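Novice: After the structure tokens below, expect a handful of questions from me.
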Amino acid sequence: MPRGYAGKYLEVDLTKEKTNDTAIDERTLEDYFGGRGLGAKILWDRIGDRWAKVDPLGPENILLALTGPMTGIYPGGRICVTGKSPVSNGTVGSTASTEFAHELRTAGYDGVIVTGKASGPVYILVTEEGGEIRDAGHLWGTIGEDTLKMLNKEVSEELTGRKPNVGLWKEPGMIYVGPAGENMVRNAGVMTKLCHACGYGGYGSVMGSKNLKAIVAKGRGPLPDVWAPEAVKLLWKKAHEELIARDSFRRQGTGYGGWSTGATLSSEPVRNWQEEWHDERTFGGPMFENRFWVKKYWTDFNCTCNCMKLSCIPSGKWAGDITDNPDYELQSYLGTNFGIFDPADNIHLSALVDNLGHHAIGAGNAAAFAAELYQRGILTEEDLGFKLEWGDTEAFDRLLWMMARREGIGDVLAEGTYRAAKKIGEMKGVDCMPYVVHVKGIEVGAHGTRSDHDFLAHDISYAVNVQGGDHTSVASDGFRELSGAVFSDSGVICSFARTPQNIIFGLAKAITGYPITIDSWRRVTGPRIVTLQKALLLLGGPDVTWTPIEDDDNPPRFYEPLPSGPWKGRTTDRELVERKRLTYFETLGWDERGIPKAETLQRLGLEDLEPSMKGLRV
44 MPRGYAGKYL EVDLTKEKTN DTAIDERTLE DYFGGRGLGA KILWDRIGDR
94 WAKVDPLGPE NILLALTGPM TGIYPGGRIC VTGKSPVSNG TVGSTASTEF
144 AHELRTAGYD GVIVTGKASG PVYILVTEEG GEIRDAGHLW GTIGEDTLKM
194 LNKEVSEELT GRKPNVGLWK EPGMIYVGPA GENMVRNAGV MTKLCHACGY
244 GGYGSVMGSK NLKAIVAKGR GPLPDVWAPE AVKLLWKKAH EELIARDSFR
294 RQGTGYGGWS TGATLSSEPV RNWQEEWHDE RTFGGPMFEN RFWVKKYWTD
344 FNCTCNCMKL SCIPSGKWAG DITDNPDYEL QSYLGTNFGI FDPADNIHLS
394 ALVDNLGHHA IGAGNAAAFA AELYQRGILT EEDLGFKLEW GDTEAFDRLL
444 WMMARREGIG DVLAEGTYRA AKKIGEMKGV DCMPYVVHVK GIEVGAHGTR
494 SDHDFLAHDI SYAVNVQGGD HTSVASDGFR ELSGAVFSDS GVICSFARTP
544 QNIIFGLAKA ITGYPITIDS WRRVTGPRIV TLQKALLLLG GPDVTWTPIE
594 DDDNPPRFYE PLPSGPWKGR TTDRELVERK RLTYFETLGW DERGIPKAET
644 LQRLGLEDLE PSMKGLRV
């Protein structure tokens, strides 16, 4: 077994109510590393050519909670949750910062593989003694805050009674779902801590479909051994020095983005992306910091960045609501995208979404989509049961609850924006797709492409991304993301904690002993992972299968001219998108329609995909 890995995975069959330890061979670990890459490999190996027939919300789907060899060692460790996505029908390596990953590793496991479906609500407990399937009937229906309190108390008291605690704290780490996940809201998140989520991909609904409320871990052992301890110490120190020098990010996190991204970059969603510019200074970072940040430096386990800020509303109708920051994505999707520019209202909706277990980007996108349909008279007060007007916080609060409970119109919106648009279009006899801001079913992050001033490689960032609208793993017309986000998601570390690549790749090699280089990730390992994900996305099914090249495109709204702001009239250049898309396909060894070529599959060791891809090339 290579260094950096605990060497085993906990396999849980919920149908048979059995658990056992399993191992993954060293060649597979070297080829796919961990997290996002390893998850795609496990899924293909186990599901194979049945992929298009497997319902992501059926018992045949597999839920994976995976670490990587750098998790817990490199600053900013995370957990990666993956499976066949009920949103895209492909795979997404969905990550979140959490102590759960550290607890899992110190319990002696690199991940958890969940199959089948429980007969009733359960949670899984992982310790160095193995895995246990436990009744969760008393937890089903609870919001995030209550789930955390109840499970923390229940598990920590029992384990302390079994054996005196050894470790940094007595509480376990956990991932869990709220009501949205329980009710299989298609894009629900897998929650962790109070306000972190593995959001993209809809894996909260996969947990709900398996009657799985939570996975809880408590470790008492050390992290896995590393290959070159002295090199790890030296490079860790360099990484720490790099991160601690980022003073602005440490002080502000992304909590200043709610005003600046719209006002200075014209790339923030405003009223369902009808605009991307605003100059509402009441929504500026200082208004959050000075009024609501009660803890200005807050960090995840073993992370130098301190990018989180704890917000609490001290008085008024939302008094007592707590969340972190909110970060930029929540400021925008649960603020400006609703026409809301009041920090307290935004903090309230952010806390609500987390407690309900929604994916904030997915739920915020779907709710704003409904508001635009109401604005245009496509949805009526009779359809909704109330007026849904821009800026009405209580109306959006009500709608988010309805979505989590699948009540009324919320049941339709709970299918995600793309599927909801198709259903509402059929109900109303109106084409609703021009108002949907998604790529391959996955709602896009809060960064537009029209002004060309945001951080993305704008033209094709979302269009050709194998993870659809996921802004944390955008594509480019070269190799950049292959040694960036694909590497981070597979090593399972935080993108915000990335340091110069000579440091981060040096650490990866020092931890594992693998001959890891930037070039090997850009030309072999990264392309292998992305090509496998692309193949699974193309296979899709059973309800939606994406059309090659036709669906490798931006949302229609991103080709509309910006209606306001300093870049008024600018839009995404369609011809440039088409050129860059072709360049991207050529770079990765895919054909002109974006289907992996036979020789590419052979070169990357993916030849078992050829029969499936050959059928698509016809």
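Numbering of the sequence shown is given in my numbering, commencing with residue 44 and proceeding in unit increments.
Ideal Cβ placement from N, Cα and C applies to all residues, glycine included.
This structure is a prediction, so every number in the text was calculated from the model and none was measured.
#1: From the DSSP output, which residues share a beta bridge with S140?
#2: In angstroms, rounded to a whole number, what distance separates the CA positions of E432 and A414?
#3: Between the alpha carbons of G119 and C537, how many angstroms are there, rounded?
#4: Cα-Cα, which of D495, A518, I592 is closest to Y505?
#5: Between the Cα of P570 and those of T366, T379, V529, spot the shortest distance and give me the residue it belongs to.
#6: Taking only three categories from DSSP, how would you classify M656?
#7: Please report how far the alpha carbon of R79 lies from the alpha carbon of I122, in whole angstroms.
#8: Which class does H321 belong to by DSSP, given the choice of helix, strand or coil?
#9: Compute the Euclidean distance between the alpha carbons of L266 and G151, then round it to the nearest angstrom.
#10: Measure the alpha-carbon distance for D268 versus T190 and round it to whole angstroms.
#11: In the structure shown, what three-state DSSP assignment does N408 receive?
#12: Which runs of the alpha helix (DSSP H) fall wholly inside the segment 226 to 306 and span at least 4 residues, in chain order?
#13: So, helix, strand or coil for V155, using DSSP?
#14: Within 10 angstroms of its Cβ, does R600 collect 16 or more other Cβ (buried), or is it exposed?
#15: Based on Cα-Cα distance, which residue from S533, G583, K640, G468 lies nearest to D153?
#16: Within the same chain, show all residues whose beta-carbon is closer than 6 Å to that of L57, passing over the 5 residues directly before and after it, in chain order.
#17: Under a Cβ-count criterion, where at least 16 other Cβ atoms within 10 Å of its own Cβ denotes burial, should E311 be classed as buried or exposed?
#18: Once DSSP output is grouped into helix, strand and coil, what is the label at A108?
#19: Could you tell me which residues DSSP pairs with I365 in its beta bridges?
#20: Determine contact between the segment 77 to 95 and the segment 226 to 235, defined as no fewer than three beta-carbon pairs at a distance below 8 Å.
#21: Nearest CA to the CA of D513: which residue from G242, L625, I156?
#22: Are A108 and H239 touching if we call contact CB-CB under 8 Å?
#23: What is the rounded straight-line gap between the Cα of G359 and the Cα of A387?
#24: For N545, does the count of other Cβ atoms within 10 angstroms reach 16, so buried, or fall short, so exposed?
#25: Identify, in the order they occur along the chain, each residue of the same chain with its Cβ nearer than 7 Å to the Cβ of R177, setting aside the five sequence neighbours on each side.
#26: Given this structure, state the Cα-to-Cα distance separating A553 from L72, to the nearest angstrom.
#27: In angstroms, rounded to a whole number, what distance separates the CA positions of D497 and W302?
#28: Less than 7 Å between the CB of P99 and some heavy atom of the ligand HEM, yes or no?
#29: Compute the distance between the beta-carbons of V249 and L100, then report whether it is under 8 Å.
#30: Have a look at N230 and M446 and give me their C-alpha separation to the nearest angstrom.
#31: Would you verify that the beta carbon of L53 is, or is not, closer than 8 Å to some beta carbon of chain C?
#32: Leaving out five residues before and five after I572 in sequence, what residues of the same chain have Cβ atoms less than 6 Å from its Cβ?
#33: When DSSP builds the beta bridges, which residues end up paired with L100?
#34: What is the residue span of the beta strand (DSSP E) that D616 lies within?
#35: Is it the case that the Cβ atoms of K672 and V97 are separated by a distance below 8 Å?
#36: For the alpha helix (DSSP H) holding V455, just list the boundary residues, first then last.
Specialist: Checking against the coordinates, here is how it stands:
#1: R121
#2: 6 Å
#3: 5 Å
#4: When only C-alpha atoms are compared, the closest one is A518.
#5: V529
#6: helix
#7: 10 Å
#8: Of the three classes helix, strand and coil, the one that applies to H321 here is coil, per DSSP.
#9: 8 Å
#10: 34 Å
#11: helix
#12: 246 to 252, 272 to 287, 290 to 295
#13: strand
#14: buried
#15: S533
#16: G159, K160, A161, K253
#17: buried
#18: A108: strand per DSSP, three-state reduction.
#19: C355
#20: no
#21: G242
#22: no
#23: Approximately 9 Å between the Cα atoms of the pair.
#24: exposed
#25: V165, Y166, L168
#26: 16 Å
#27: Answer to the nearest angstrom: the Cα atoms are 14 Å apart.
#28: Absent from the structure shown: the ligand HEM. Ligands present: none.
#29: yes
#30: 11 Å
#31: Given the protein chain composition of this structure (a single chain), no chain C is represented.
#32: G80, V529
#33: L100 is not bridged to any residue.
#34: No beta strand (DSSP E) contains D616, which DSSP labels as neither H nor E.
#35: Nothing in the structure corresponds to residue 672, since the chain is present only between 44 and 661.
#36: First-last of the alpha helix (DSSP H) with V455: 452 to 456.
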